[in-house]
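So the sequence shown is numbered by the working numbering: it starts at 1 and just counts up by one. Cβ atoms here follow ideal geometry from the backbone N, Cα and C, with glycine treated the same way. Structure, as structure tokens:
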Amino acid sequence: MDSSVLPQIPQLKGYGLYEQERCPFWDKVGSCRHGAQCVRFHERPKQSKTLVFRKLFDNPIRTIYNKPEGNGNGKINLTRESKSKNEGEFVVMDVKIDENYLNKIADQIYQDLFVEFALKYGEVDNITICGNFNTHIGGNVIVKFKDERSANKCYTDCIERWYNERPLFCELSPIKNIDNAVCKRFTQTGRCEHDIIEMNNITTSENVQLMKLAFQKSDYNSKSLSNLSKFNLHLENIQIQKVQNDNRLVILKNVVHDLNYSLITLKHNLLTEMPSSDILNSSDILNNNITMKNNQSIDYEENIDHYHAVSTSISNGFTLIAKNIFLIKYFFTQELHDYPNLFAVTKYQQLSTEFNLLLKSNITRLKYQADTDFVLNLYISDLIANEKDPIDSLQWILNERLLYFENLAHSKIPFQDLLNYAFVTVEFINFVHSRIPTIVNRIKNKTGANNWIHQTSFQKWNKWLHKLENLKFDNDEENQFQYIFKLKNERISKSVFDKIMEKWNSQISELLLDNFNSRFDKSFYNLTDLVILLRYTLISFKHFTSLTKLPVKDDNIINFILKNWSKEYFIELTKKLTEFESISDLVLKTYDDESLIHSILESSSNSCLFDFKDDFNLNKLLECSLENDNTDKVFSLLDTFKHHLKSTSNSIESLKNLSTLVLKPLLTIDDYEDDDFWIEISNKLTDILSTSVNTSVSILNNSISNFFEKVSDLLKTYNSKISNSRIIYIMRILVQLEEKIQLHDFYDTFSKYSKIDKRIDIAKLIDPLLESYFEVIIKSTYESKYSIKFKDIFTKRFTSKKEYSEFMLWESIFDDKPLPTISSIEYSELLISFCTDLITIDGLNHSNMYILPSFEKVRQNIINLLLKDIEGFIKNLKKPEESDEYFDKKILLTYSDYIYTKLLLKSDFVEDLDIKCFSELTKSLIDDTFRKQIISSISESYKTQSLMYYPLSK
Numbered sequence: 001m002d003s004s005v006l007p008q009i010p011q012l013k014g015y016g017l018y019e020q021e022r023c024p025f026w027d028k029v030g031s032c033r034h035g036a037q038c039v040r041f042h043e044r045p046k047q048s049k050t051l052v053f054r055k056l057f058d059n060p061i062r063t064i065y066n067k068p069e070g071n072g073n074g075k076i077n078l079t080r081e082s083k084s085k086n087e088g089e090f091v092v093m094d095v096k097i098d099e100n101y102l103n104k105i106a107d108q109i110y111q112d113l114f115v116e117f118a119l120k121y122g123e124v125d126n127i128t129i130c131g132n133f134n135t136h137i138g139g140n141v142i143v144k145f146k147d148e149r150s151a152n153k154c155y156t157d158c159i160e161r162w163y164n165e166r167p168l169f170c171e172l173s174p175i176k177n178i179d180n181a182v183c184k185r186f187t188q189t190g191r192c193e194h195d196i197i198e199m200n201n202i203t204t205s206e207n208v209q210l211m212k213l214a215f216q217k218s219d220y221n222s223k224s225l226s227n228l229s230k231f232n233l234h235l236e237n238i239q240i241q242k243v244q245n246d247n248r249l250v251i252l253k254n255v256v257h258d259l260n261y262s263l264i265t266l267k268h269n270l271l272t273e274m275p276s277s278d279i280l281n282s283s284d285i286l287n288n289n290i291t292m293k294n295n296q297s298i299d300y301e302e303n304i305d306h307y308h309a310v311s312t313s314i315s316n317g318f319t320l321i322a323k324n325i326f327l328i329k330y331f332f333t334q335e336l337h338d339y340p341n342l343f344a345v346t347k348y349q350q351l352s353t354e355f356n357l358l359l360k361s362n363i364t365r366l367k368y369q370a371d372t373d374f375v376l377n378l379y380i381s382d383l384i385a386n387e388k389d390p391i392d393s394l395q396w397i398l399n400e401r402l403l404y405f406e407n408l409a410h411s412k413i414p415f416q417d418l419l420n421y422a423f424v425t426v427e428f429i430n431f432v433h434s435r436i437p438t439i440v441n442r443i444k445n446k447t448g449a450n451n452w453i454h455q456t457s458f459q460k461w462n463k464w465l466h467k468l469e470n471l472k473f474d475n476d477e478e479n480q481f482q483y484i485f486k487l488k489n490e491r492i493s494k495s496v497f498d499k500i501m502e503k504w505n506s507q508i509s510e511l512l513l514d515n516f517n518s519r520f521d522k523s524f525y526n527l528t529d530l531v532i533l534l535r536y537t538l539i540s541f542k543h544f545t546s547l548t549k550l551p552v553k554d555d556n557i558i559n560f561i562l563k564n565w566s567k568e569y570f571i572e573l574t575k576k577l578t579e580f581e582s583i584s585d586l587v588l589k590t591y592d593d594e595s596l597i598h599s600i601l602e603s604s605s606n607s608c609l610f611d612f613k614d615d616f617n618l619n620k621l622l623e624c625s626l627e628n629d630n631t632d633k634v635f636s637l638l639d640t641f642k643h644h645l646k647s648t649s650n651s652i653e654s655l656k657n658l659s660t661l662v663l664k665p666l667l668t669i670d671d672y673e674d675d676d677f678w679i680e681i682s683n684k685l686t687d688i689l690s691t692s693v694n695t696s697v698s699i700l701n702n703s704i705s706n707f708f709e710k711v712s713d714l715l716k717t718y719n720s721k722i723s724n725s726r727i728i729y730i731m732r733i734l735v736q737l738e739e740k741i742q743l744h745d746f747y748d749t750f751s752k753y754s755k756i757d758k759r760i761d762i763a764k765l766i767d768p769l770l771e772s773y774f775e776v777i778i779k780s781t782y783e784s785k786y787s788i789k790f791k792d793i794f795t796k797r798f799t800s801k802k803e804y805s806e807f808m809l810w811e812s813i814f815d816d817k818p819l820p821t822i823s824s825i826e827y828s829e830l831l832i833s834f835c836t837d838l839i840t841i842d843g844l845n846h847s848n849m850y851i852l853p854s855f856e857k858v859r860q861n862i863i864n865l866l867l868k869d870i871e872g873f874i875k876n877l878k879k880p881e882e883s884d885e886y887f888d889k890k891i892l893l894t895y896s897d898y899i900y901t902k903l904l905l906k907s908d909f910v911e912d913l914d915i916k917c918f919s920e921l922t923k924s925l926i927d928d929t930f931r932k933q934i935i936s937s938i939s940e941s942y943k944t945q946s947l948m949y950y951p952l953s954k
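Below you can see the structure in the form of structure tokens.
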């Protein structure tokens, strides 16, 4: 702050105080170049309407006044800036800053202060920005309020406030009339070092001086003056015309200020009244910041109940500003053309642009039918402000909302919101089109309250606005009402309107299809998601049934969507179900690779593949496979195929539900119902459903049948050289297949919606194959290694005369008969070895395979084979010619082996065989009691050792 703000101390003269002379500069401009050194009195009132803010405006043009300075020797040293003139001169330090830039800075300060002070403290009468280059005035801002109360409130608040990162220094000022502070020399010459520059100064007082100076010389010889009264009227008109012409720029500045104030007020009211949630920000739409949760749209009924339409005051505010813009352009056309760099002109152009942007933002964001009256006023505002024909403004609304709709269509906004926006747009346009004749009549009617000058702020400038060129008007209407608004085409024919709407509907249809296709691409790989998308789309259209007629090529949009959706759905359905063929091919390919099979079996040998609870074992298998880097892709594909089957079933069920859902009554947003149309859509969905079921069943049946044919052929082709590892691998695949592909559930689901002619029982296909593969494993193991060994045991037993150690373990009962208690050791060991080789293939344990039910029959067959071998041997055995003291015991031992083998079939053994072959060789077995004792003893021994004979033991 400069020294002028320091407190003043009255000067003393003699022995007492004397009344100081008031400083005229301080009273006039609120500042003094002498500051505290001034000998005159500087009043600082406690109550005033005027405030001075010191150094608030930082003038970018720094001009200093240079005077020659002495060097102490009586000589003058001229600085670089003052070489041209010893008396001193103004030096511009920054000449690059033009008037437009200066006006822009000053206008920003003016706008900030005016809005803040007017809204917070009270009505502002005048704001003056001092653009002087001297230090005591330059940068000061003088603010005058309508009353002292507002000024005092502003002073109290602002002494502690900051602006532009600097504290505010303000004080009450004795200035009474700011107009007197403006230097008259600057007004006449445009340059004065004592002047202050006044920006946006608003005044309503008439220029009396101009009236006095108007046309001092009159034309007394004019033939148009027939008498003295006409002459006086002519003279008065000439004087008025001159005053008007001389003050047109001043009036332009004031009406532009009124326009600026009205626009600021309108923006403030919009922000106050309109909730931010009702305004869709275009930048958010372009950045896809609008999200859709679970494809659910907003609840329109609830929103409509809580939505408040734009108030009438705001709606009418747009039309008043539009009329202001038109009247300024109409009355000041010449000034706008001749003074393009004038601040008022550039400000008017800026305000016009801002108003058009405000029109655009409001015409695009509206999404409720309650705002039809507001849309009508926006339409009228565009028509007036931009001097358009009715059809042009109508096309403008459609184009702007189409561009906005395009941004919405490429965002994540819910589909139902898109339909609502399109529907509301059509409603707006139809409403506006129906009111165009009324709008035209109102525009033409300029009498009384309908006169735009009376409606706007132009009313207070009414007598300054007459166009008095040549002292007459060629147009009587213009002479009477001062202005005229011309429309080239006042009507829009029905054919032209229908053509415009047809084109717009086609464009909307394309954008809706683009949005649907983008959602379709994201759901394409999941059949259930595809049906959900279709359901969401159809139900959204059911809320807006009137939009189902939107054209797409030669059809409506719903039929077009259904046609393309069903086509892509069947493609994806076929693709999902035919994946089983790739599984089949991969199984056969893996079957030919022995090393790969071994690595797969090695990684999965410790996992049980037959008790599938939540895919636990499959996950274990995959984890183990990944660790060993020997992943069996077949198991992974089977798991994926299982999910595809489930997805297919779910999609079929959803499709059926949808065909019913579209027929249910629904409260529509557009109050338009077409039951016949939705019945037709339901029938089409039913046809798609039936085709989907038949296609799915046919594809799956063919794929499974082909697979089992190929697997069955493997036994025929490779029977002679097939390895047990390959058999185990195929068996594991079959077990997985039975668990994953639960065809009975699949058929049960599909049979609800369509008749299924052919059903495949996959268990009946798998069980015979598993049984055949078990037989191959058992027979190959038995015949290749153990068939001869079992026979050799009995052959060697009766050809040698040695005593077996088992005899010593037998018990002696009545009659001193030895009672066998265990089977022969060599037979038991060979039997255990045989069982071990069955469950261990290539060093890998596959014991879990033998718990399958299909192994039971094979198990019984191999045990019966062992029994038949024993029976056959005994039947062919004859008593030795030479004496053998252990012969009877050997027969009993063989009988024990036979009983032991028999127990493998059935643990609760009951003798049901013809023992004649044994009793003929030893008479001790004729005794039933003795045989029962043997069976009981062997059974007890078997119970303690049965687990050792898995998988042959039961």
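Proximity below 8 Å, CB of residue i to CB of residue j
i      : j      : result
Val141 : Ile159 : no
Leu357 : Leu259 : no
Ser649 : Leu530 : no
Leu689 : Ser659 : yes
His337 : Gln416 : no
Ala151 : Leu172 : yes
Arg248 : Asn134 : no
Thr578 : Ile741 : no
Ile891 : Leu867 : no
Trp452 : Leu327 : yes
Environment of residue i [buried if 16+ CB atoms lie within 10 Å]
i      : result
Ser509 : buried
Met211 : Bear in mind that the predicted position of Met211 carries a pLDDT of just 35, short of 50, making it too unreliable to give a figure here.
Tyr525 : exposed
Ile762 : buried
Asp745 : exposed
Ser808 : Note that residue 808 is Met in the sequence shown here, rather than Ser. Exposed, by the Cβ-count rule.
Asp671 : exposed
Asp371 : buried
Ser805 : exposed
Leu947 : exposed
Where the alpha helix (DSSP H) through residue i begins and ends
i      : result
Cys158 : 148-158
Ser854 : It is not in any alpha helix (DSSP H) - Ser854 carries neither H nor E in the DSSP assignment.
Secondary structure of residue i, DSSP reduced to three states
i      : result
Leu715 : helix
Val552 : strand
Thr265 : helix
Asn845 : strand
Cys835 : helix
Phe641 : helix
Phe794 : helix
Tyr753 : coil
Thr944 : helix
Arg759 : coil
Cys183 : coil
Val115 : helix
Arg166 : strand
Val39  : coil
Residue i Cβ short of 7 Å to the ligand MG heavy atom set
i      : result
Ile899 : What this structure holds is no ligand at all, so the ligand MG is not there to describe.
Enclosing beta strand (DSSP E) for residue i [first to last residue]
i      : result
Asp125 : 124-129
Val885 : It is Glu, not Val, that sits at residue 885 in the sequence shown. No beta strand (DSSP E) contains Glu885, which DSSP labels as neither H nor E.
Quiz prompt | Every unbroken alpha helix (DSSP H) inside the segment 322-394 [4 residues or more] | solution = 333-338, 343-365, 372-385
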